[in-house]
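Peer 1: Would you mind keeping the following structure in view while I ask a few things?
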Amino acid sequence: MTETSFLVEVTILVLAIFLGFEVISKVPTLLHTPLMSGTNAIHGIVIVGAILIAGRAGADTLTRVVGFFAVVLGTANVVGGFVVTDRMLEMFKRKPGSERSE
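Each number in the working numbering comes from the position in the sequence shown (counting from 1) with 14 added on.
Following this line, the structure appears as structure tokens:
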């Protein structure tokens, strides 16, 4: 990795952090949980990338270990997103016997 490409990658990372913070800070509190649960579920692409890295032919042990942990943590993130979404949707279900009589 050359010094120029490293500097470009760090610049993109810093800009992404600032942009992400600004976007999330503008989201109303009421919509924060649905937004986070949805984005956690969408992050399944992280698992795909981690599987590709972990299963790469000729990879050394460190790469395989880091790839394994990436798969585990990515899976936990996606499952957590679905759990939060399920709990959130449970709040909007009608309970039996709570029908209005008009």
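Think of the CB as a built atom: it goes at the ideal place given N, C-alpha and C, for glycine as much as any other residue.
Given the structure is predicted, the values throughout are model-derived calculations rather than measurements.
On the DSSP letters alone, give me the boundaries of the alpha helix (DSSP H) that Thr78 sits inside.
Peer 2: Taking the first residue of the sequence shown as 1, we reach residue 78 at position 64. Residue 78 is actually Arg in this sequence, not Thr. Per DSSP, Arg78 belongs to the alpha helix (DSSP H) from Thr75 to Glu104.
Peer 1: Looking at Asn54 and Val86, is the spacing between their C-beta atoms short of 8 Å?
Peer 2: Position 72 of the sequence shown holds residue 86. Position 40 of the sequence shown holds residue 54. No, Cβ-Cβ distance for Val86 and Asn54 is not below 8 Å.
Peer 1: Going by DSSP in three states, Pro42 sits in which element: helix, strand or coil?
Peer 2: For this step, residue 42 is matched to residue 28 along the sequence shown. Three-state DSSP puts Pro42 in coil, outside helix and strand.
Peer 1: Can you have a look at Ser51 and say buried or exposed, based on whether 16 or more other CB atoms are within 10 angstroms of its CB?
Peer 2: Numbered from 1 along the sequence shown, position 37 holds the residue referred to as residue 51. Flag for Ser51 reads buried.
Peer 1: Among the residues of its own chain, which have a CB less than 7 Å from the CB of Val92, if the five just before and after it don't count?
Peer 2: Against the sequence shown, residue 92 aligns to sequence position 78. The residues are Asn54, Ala55, His57, Gly58 and Ile61.
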